[in-house]
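Residues 31 to 498 in our numbering are what the sequence shown spells out, letter by letter.
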Amino acid sequence: MAKSLTLIRSKSRWNVGGAGLRTAFVSFMAPAYTQDTVEVLKKISRSAMATLGSIGIEVSSEAGPVIDLSDVDAAVSKIRKDEFDFLTALIPSWAEPPAIVNTLMPFLDKPILLWALSSIQERDALIAPAGAAGMSAVRYPLKVMGAKLKVVYGNPESKDVQDEILSFARAASAIKKLFGSRIGIFGYADMGSYTAGFDQISLRSKLGVEVEDFEVHRLLLRAGEIEDKEADEFISKQFKDWKIDEIVAKEDLRKTIKVYLALRKIIDERRFDAVSMKCVYGLPTYYGITPCIPLALAGSKIPVVCESDVLGLVTELMMDFVSGQRSVYLEFYDIFEDRLLMGVCGMMPQEILESTPRLYKYAWGKLTGLMVVGSMKTGKITLARLASAGDRYTMHITVGEAVKPRTWHEIGWQLEAPVYPSLEIILGNRTKEFMENIMAQHYHLVYGDCTEELVELCKLLGIETILT
31 MAKSLTLIRS
41 KSRWNVGGAG
51 LRTAFVSFMA
61 PAYTQDTVEV
71 LKKISRSAMA
81 TLGSIGIEVS
91 SEAGPVIDLS
101 DVDAAVSKIR
111 KDEFDFLTAL
121 IPSWAEPPAI
131 VNTLMPFLDK
141 PILLWALSSI
151 QERDALIAPA
161 GAAGMSAVRY
171 PLKVMGAKLK
181 VVYGNPESKD
191 VQDEILSFAR
201 AASAIKKLFG
211 SRIGIFGYAD
221 MGSYTAGFDQ
231 ISLRSKLGVE
241 VEDFEVHRLL
251 LRAGEIEDKE
261 ADEFISKQFK
271 DWKIDEIVAK
281 EDLRKTIKVY
291 LALRKIIDER
301 RFDAVSMKCV
311 YGLPTYYGIT
321 PCIPLALAGS
331 KIPVVCESDV
341 LGLVTELMMD
351 FVSGQRSVYL
361 EFYDIFEDRL
371 LMGVCGMMPQ
381 EILESTPRLY
391 KYAWGKLTGL
401 MVVGSMKTGK
411 ITLARLASAG
421 DRYTMHITVG
431 EAVKPRTWHE
441 IGWQLEAPVY
451 PSLEIILGNR
461 TKEFMENIMA
471 QHYHLVYGDC
481 TEELVELCKL
491 LGIETILT
């Protein structure tokens, strides 16, 4: 399985570390209960709150129990005390609907976990506090009011309940990161690709992502400012453990690294969380190199995609934020009866390779440049792609088994050249259905199954999902 990396927003886009999940917590009970019953329910609520901490969710503020309307204002003030990704509204028993609704209404812009506890066993009897009744009385009204709800039913010790909550927490945290994320593109929609385009207004308003076109020309002006010494020092450190083919000229590598160093500075200055640039009609046209190495190096830290593919970058941001990994993109090269052949022609981040990266000079068609080659890691993977029709967004998701590919080459490629970083992804009898729902030539991969987290995120954002 791929090395797990969790991304955090910071002054520098090049930091990697743990990003915590945070919730505010409030519980509800009915005023008709005796004090003894309230104390029992408080104990149950504390157990639920402790469970959140045990699965890695920090409780940033605690309020309640909210028993009647006179408790609402104090609870709202406590909830607002600190930042959080989502609000946990625990319903361990029956509670009066106005107390619940009035407490939650100020937070309808936040994801809300509506957690109803189930019965407890006492001797030979099942004791039902009626959390299901309390939840049922407010779920639909809150939905009509526009709440972003996730309803979970069950007790804290249930592994299924814990998994559901954790998936929702990751999705809620991803929303907070998405809103305010900045994408940098260097040129628009390489080769006129329709799937690389985007609607700027809906992308910003619905998914929270800002896009800035920095332009290839400005990147090259910055690359021209990099001294040979700075580039050479970086080369000696970065590639000391890489295999560099003898045909790779020092001047070609220096030229490529100057572009990367300029790109790295621009990413920090413009606070980009993901970048993409033109390939065919970008650097090869203006500078005589491809963007493979600059993007591969940048891709160790932030999402990168070739060909100025904006929705591809948004897909990767979403996958990164819910999985804690660095996602990568692959293109389709063939579709067989039970599997896909997918690869990328030279810009794979080192972390996704299971072997020492190889730096190779290639010629494909009229293009020449340096590329990264090596064997990709195998195992269970999630593939996904975001697409849009106007302001309506859809994400296509599947899970497959990635295995090493047979020897293959793209037409026009040198037969003696190494195989692209690539995988055969086995979908079995789901392959045809997957093919009938393909949304773009680029799809995006993380290791493991993060389907549930992506579906939760899409629900919160109003994105339709297609699972194949």
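Note that CB positions come from ideal geometry on N, CA and C, so glycine has one too.
If you check the CB distance, residue 118 and residue 82 come in under 8 Å. According to the DSSP secondary-structure assignment, residue 430 is paired through a beta bridge with 411.
CA-to-CA, the gap between residue 272 and residue 406 works out to about 15 Å. Comparing alpha carbon positions, the residue from 264, 301, 295, 299 closest to residue 283 is 264. Linking residue 302 to residue 246 through their CA atoms gives a straight-line distance of about 15 Å. For residue 366, the secondary structure class from DSSP, reduced to helix, strand or coil, is coil. The shortest C-alpha to C-alpha distance from residue 486 to any of 457, 181, 171 is the one to 181. By the C-beta criterion, the stretch 186-204 is judged not to be in contact with the stretch 286-293, since fewer than 3 inter-stretch pairs fall below 8 Å.
Sequence-distant partners of residue 365 (beyond 5 residues in either direction) whose C-beta falls short of 8 Å from its own C-beta, in its chain, are 371, 461, 465. Within the stretch 247-287, the runs of alpha helix (DSSP H) that reach at least 4 residues and sit entirely inside it are, in chain order, 258-268. In the structure shown, residue 399 falls within a strand segment according to DSSP collapsed to helix, strand and coil. Two segments are said to touch when three or more pairs of C-beta atoms, one from each, lie closer than 8 Å; by this definition the stretch 105-116 does not touch the stretch 153-167. Classified as buried, residue 129 has 16 or more neighbouring CB atoms from the shown chains inside 10 Å of its CB. Taking a C-beta distance under 8 Å as the contact criterion, residue 338 and residue 295 do not qualify as a contact pair. The three-state secondary structure of residue 50, taken from DSSP, is coil. In terms of Cβ geometry, residue 121 and residue 144 form a close pair [threshold 8 Å].
Residue 95: member of the beta strand (DSSP E) spanning 87-96, first to last residue.
Taking C-alpha positions only, residue 313 is separated from residue 321 by approximately 6 Å.
If you draw a straight line from the Cα of residue 412 to the Cα of residue 463, it comes to about 16 Å.
Judged by DSSP in its simplified three-state form, residue 480 adopts coil rather than helix or strand. Under DSSP, residue 146 forms a beta bridge with 121, 183.
By the Cβ neighbour-count rule, residue 141 is buried, with 16 or more other Cβ atoms within 10 Å of its own. For residue 240, the enclosing beta strand (DSSP E) stretches over residues 240-243. Cβ atoms of residue 498 and residue 467 come within 8 Å of each other, at about 6 Å. Excluding sequence positions up to five before and after residue 211, its CB lies within less than 6 Å of the CB of 239, 303, 347, all in the same chain and listed in chain order.
Residue 323 counts as buried, since at least 16 other C-beta atoms from the protein chains shown sit within 10 angstroms of its C-beta.
In terms of CA proximity to residue 132, 58 leads the group 253, 89, 58.
Contact annotation: the stretch 413-431 touches the stretch 452-459, with at least three C-beta pairs closer than 8 Å. For residue 336, the three-state secondary structure derived from DSSP is strand. Rounded to whole angstroms, the gap between the alpha carbons of residue 475 and residue 270 is 28 Å. The beta carbon of residue 146 sits closer than 6 Å to those of 121, 161, 162, 165, 183, all from its chain and outside the five residues before and after it, given in chain order. In the DSSP annotation of this structure, the continuous segment of the alpha helix (DSSP H) that includes residue 83 starts and ends at 65-84. Take the alpha-carbon of residue 105 and the one of residue 138: they are about 15 Å apart.
If you draw a straight line from the Cα of residue 490 to the Cα of residue 481, it is about 14 Å long. By the 16-neighbour rule on beta-carbons within 10 angstroms, residue 281 is exposed. In this model, residue 384 and residue 409 are separated by some 12 Å (Cα to Cα).
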